[in-house]
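Asks: For the sequence shown, this note's numbering assigns the number 411 to the last residue and increments by one with no breaks.
A single structure is presented below for examination.
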Amino acid sequence: MNTANHKVIPLADCTTHGKPLQPHAYNDPALLEQELDVFFLKNWQFAGHANDIPNVGDYLNFEMANNSVILIRGEDQQIRAFQNVCRHRASRLLEGESGHCSKVIQCPYHGWAYNLDGGLRGVPSMDSFPPLDKASMGLREVGLENMHGLLFVKIINSPRLGVAESFGDCINYVRAYDLENYHQIGDPVDEIWNVNWKVAWDNYQENYHIPIGHPGLNRLLDVPEDEQTYSSGVSYSVFPLSKQRSSVPLEARYQELAHVAEHRVPEKFRGQWFQVGFPHNLGMDFYPEMLDLFQLIPLTVDKTLVRASFYGPKECSAAELELRKVNIEINTQVNDEDKTLCERVQKGLQQSNYSPGPLSLHESAVAFFHQAVRDRIPGAR
Ligand code: FES
Ligand SMILES: [Fe+2]
Numbered sequence: 031m032n033t034a035n036h037k038v039i040p041l042a043d044c045t046t047h048g049k050p051l052q053p054h055a056y057n058d059p060a061l062l063e064q065e066l067d068v069f070f071l072k073n074w075q076f077a078g079h080a081n082d083i084p085n086v087g088d089y090l091n092f093e094m095a096n097n098s099v100i101l102i103r104g105e106d107q108q109i110r111a112f113q114n115v116c117r118h119r120a121s122r123l124l125e126g127e128s129g130h131c132s133k134v135i136q137c138p139y140h141g142w143a144y145n146l147d148g149g150l151r152g153v154p155s156m157d158s159f160p161p162l163d164k165a166s167m168g169l170r171e172v173g174l175e176n177m178h179g180l181l182f183v184k185i186i187n188s189p190r191l192g193v194a195e196s197f198g199d200c201i202n203y204v205r206a207y208d209l210e211n212y213h214q215i216g217d218p219v220d221e222i223w224n225v226n227w228k229v230a231w232d233n234y235q236e237n238y239h240i241p242i243g244h245p246g247l248n249r250l251l252d253v254p255e256d257e258q259t260y261s262s263g264v265s266y267s268v269f270p271l272s273k274q275r276s277s278v279p280l281e282a283r284y285q286e287l288a289h290v291a292e293h294r295v296p297e298k299f300r301g302q303w304f305q306v307g308f309p310h311n312l313g314m315d316f317y318p319e320m321l322d323l324f325q326l327i328p329l330t331v332d333k334t335l336v337r338a339s340f341y342g343p344k345e346c347s348a349a350e351l352e353l354r355k356v357n358i359e360i361n362t363q364v365n366d367e368d369k370t371l372c373e374r375v376q377k378g379l380q381q382s383n384y385s386p387g388p389l390s391l392h393e394s395a396v397a398f399f400h401q402a403v404r405d406r407i408p409g410a411r
């Protein structure tokens, strides 16, 4: 696709064409089936970082909507993604969220064996089968893009814009961070929220709720610019850190320490946080000290797996480590607040005869998203 057509959508356009989705769009299981196909399986999904699988044979297993994809590092150091399904009779091959295979992926059912590059290597009792074309019986490859170390898979092939292309000009912000050399901090944190995934995505994409919904965050930040949205669905906001010292000790500690990681980013990115919404389920919060990823994986029409994972530079000073720890504590609180706010909305959306109000200019990314849902999911209109 051509990135020349790929421009920031003016806020006014986002708002004038955007009426909110009606409540049934958040409550109808039939719509979820269509959304999983259109917005999730045929779109890029974050699956991990290249540094999560540093050695030959290391793998990650990404699961979504009955699909499982393995990302594995081959003997040539290349990472490839495959359907985690045996070509013989469909057994799942590798279990767990991550692991290691030495040389061969062997099916635990009848023992078909695959090379780390997916090629079929061996079949027990080969001569009991009709003639087998081994070259065409390797593991099915899945679309994979490595954007500065972040690995994205596309479970069903579709003509989507590439991951990096989707960022338009704001890829220049992303490049300011040393993502390639980031390593995972701790384990990902999974939570179940009792919400339709769109409630959580709406919430992630607007800053209008910060002053009331997140008093702590509001003390730390100056008023952010309204989010900008690209025609690809990527949206972003820049949050300047407040210079006014918070009276809450944890927040004040963050403010005291913030400067210790600033050398990691160019001058223009200091003293601010940068947030990207990657359509339609990955929030990326860039801080000078680390990257916080917020990922939505729909489970049912009113249950969503919310995964938080953190990446940052490997070698850090003690002060930087403390800064990260304080950041994670503050953002865990924000996440808890968001969970409560979103679950209240999901309950409200089930009220009989509820009819939604208008969206403000500060909710333009939500308006744009709702229009994308109506355009692509006929039942949501
Ligand atoms: S299902 Fe894998 S070897 Fe039979
Ligand atoms: Fe929030």
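Where is the CB? At the ideal position from N, CA and C, for every residue including glycine.
Here the structure is a predicted model, which is why all the values come from computation and not from measurement.
1. Kindly indicate which three-state DSSP category residue 227 falls into: helix, strand or coil?
2. How far does the alpha helix (DSSP H) with residue 99 in it extend, from its first residue to its last?
3. If the criterion is Cβ atoms closer than 9 Å, does the pair residue 131 and residue 78 meet it?
4. In the DSSP assignment, find the alpha helix (DSSP H) that holds residue 216 and state where it starts and stops.
5. Mind checking which residues open and close the beta strand (DSSP E) that includes residue 135?
6. Just grab the DSSP bridge partners of residue 327 for me.
7. Using only the heavy atoms of ligand 2, determine whether one of them is closer than 8 Å to the beta carbon of residue 54.
8. Could you tell me if residue 275 is buried or exposed, where buried requires 16 or more neighbouring beta carbons within 10 angstroms of its beta carbon?
9. Which residue spans inside the region 61-118 form an unbroken beta strand (DSSP E) run of at least 3?
10. Is DSSP giving residue 31 helix, strand or coil here?
11. For residue 109, which residues of its own chain have a beta-carbon under 8 Å away from its beta-carbon, when the five flanking residues on both sides are left out?
12. Is the beta carbon of residue 170 sitting closer than 9 Å to the one on residue 115?
13. How long is the line joining the alpha carbons of residue 61 and residue 51, rounded to whole angstroms?
14. Who does residue 400 pair with in a DSSP beta bridge?
15. At 4 residues or longer, what runs of the alpha helix (DSSP H) sit wholly inside the region 277-365?
16. Look up residue 270 in the DSSP assignment and give the residues it is bridged to.
17. Taking the beta carbon of residue 342 as the centre, do at least 16 other beta carbons fall within 10 Å, making it buried, or is it exposed?
18. Count the CB pairs spanning the region 218-237 and the region 373-383 that are closer than 8 Å, and state whether there are at least three.
19. By the 10 Å Cβ neighbour count, where 16 or more other Cβ atoms means buried, how is residue 360 classified, buried or exposed?
20. Within 10 angstroms of the Cβ of residue 381, are there 16 or more other Cβ atoms? Answer buried if so, exposed if not.
21. Helix, strand or coil: how does DSSP classify residue 384 here?
22. Using three-state DSSP, classify residue 236 as helix, strand or coil.
23. Taking the Cβ atom as the reference point for each residue, do residue 335 and residue 328 lie within a distance shorter than 9 Å?
24. I need the straight-line Cα distance from residue 404 to residue 85, nearest angstrom please.
25. Just curious, the beta strand (DSSP E) that residue 152 is in, first and last residue?
26. Quick check on this structure: which residue in 94, 285, 53 has the alpha carbon closest to the alpha carbon of residue 26?
27. The alpha helix (DSSP H) spanning residue 183 covers which residue range?
28. In terms of DSSP beta bridges, what is residue 130 paired with?
29. Tell me the DSSP secondary structure of residue 162 in three-state form.
30. DSSP state of residue 190, grouped into three classes?
31. For residue 34, which residues in the same chain have their Cβ closer than 8 Å to its Cβ, ignoring the five residues on either side in sequence?
32. Measuring only from the beta carbon, is residue 149 closer than 8 Å to any heavy atom that is part of ligand 1?
33. Taking Cβ positions, are residue 178 and residue 153 nearer each other than 9 Å?
Replies: Reading off the structure:
1. Residue 227 falls in the helix class under three-state DSSP.
2. Looking at the DSSP string, residue 99 is not in any alpha helix (DSSP H); the run it does join, the beta strand (DSSP E), is 97-103.
3. With respect to the 9 Å criterion, residue 131 and residue 78 are not classified as neighbours on the basis of their beta carbons.
4. Here residue 216 belongs to no alpha helix (DSSP H), and DSSP marks it neither H nor E.
5. If you look at residue 135, you'll find it in the beta strand (DSSP E) that goes 134-136.
6. According to DSSP, which records beta bridges pairwise, residue 327 is partnered with 335.
7. No, the beta carbon of residue 54 sits no closer than 8 Å to any heavy atom of ligand 2.
8. Exposed.
9. Scanning the region 61-118 for uninterrupted beta strand (DSSP E) segments of 3 residues or longer gives 75-79, 88-94, 97-103, 109-113, listed from N- to C-terminal end.
10. The pLDDT assigned to residue 31 is 38, lower than 50, so where the model puts this residue is not dependable; a value taken from the coordinates is nonetheless given after this. Coil.
11. Taken in chain order, the residues that qualify are 80, 83, 101, 102, 103, 174, 176, 181.
12. In this structure, residue 170 sits near residue 115, with a CB-CB distance shorter than 9 Å.
13. Between residue 61 and residue 51, the C-alpha separation is close to 13 Å.
14. The partner list for residue 400 (beta bridge, DSSP) is empty, contrary to what the question assumes.
15. If we require 4 residues or more, the alpha helix (DSSP H) runs fully inside the region 277-365 come out as 279-287.
16. Residue 270 pairs with 302.
17. Under this definition residue 342 is a buried residue.
18. Yes, the region 218-237 is in contact with the region 373-383.
19. With a threshold of 16 other beta carbon atoms within 10 Å, residue 360 meets it and is buried.
20. Burial is judged here by how many other beta carbons sit within 10 angstroms of a residue's own beta carbon; residue 381 has fewer than 16 and is exposed.
21. DSSP places residue 384 in the coil class of the three-state scheme, outside both helix and strand.
22. Residue 236 falls in the coil class under three-state DSSP.
23. A contact, by the Cβ cut-off of 9 Å.
24. Roughly 44 Å between the two C-alpha positions.
25. For residue 152, the enclosing beta strand (DSSP E) begins and ends at 150-152.
26. With the chain covering only 31 through 411, there is no way to say anything about residue 26.
27. Not the alpha helix (DSSP H): residue 183 falls in the beta strand (DSSP E), residues 180-184.
28. 88, per the DSSP bridge assignment.
29. In the three-state reduction of the DSSP assignment, residue 162 falls in the coil class, being assigned neither a helical nor a strand state.
30. Residue 190 carries a coil assignment under DSSP once its states are collapsed to helix, strand and coil.
31. Residue placement at residue 34 is flagged as unreliable, the pLDDT there being 42, under the threshold of 50; the coordinate-derived value follows with that caveat. Beyond the five residues adjoining it in sequence on each side, residue 34 comes within less than 8 Å, by CB distance, of no other residue in the same chain.
32. The answer is no for residue 149.
33. Not a contact, by the Cβ cut-off of 9 Å.
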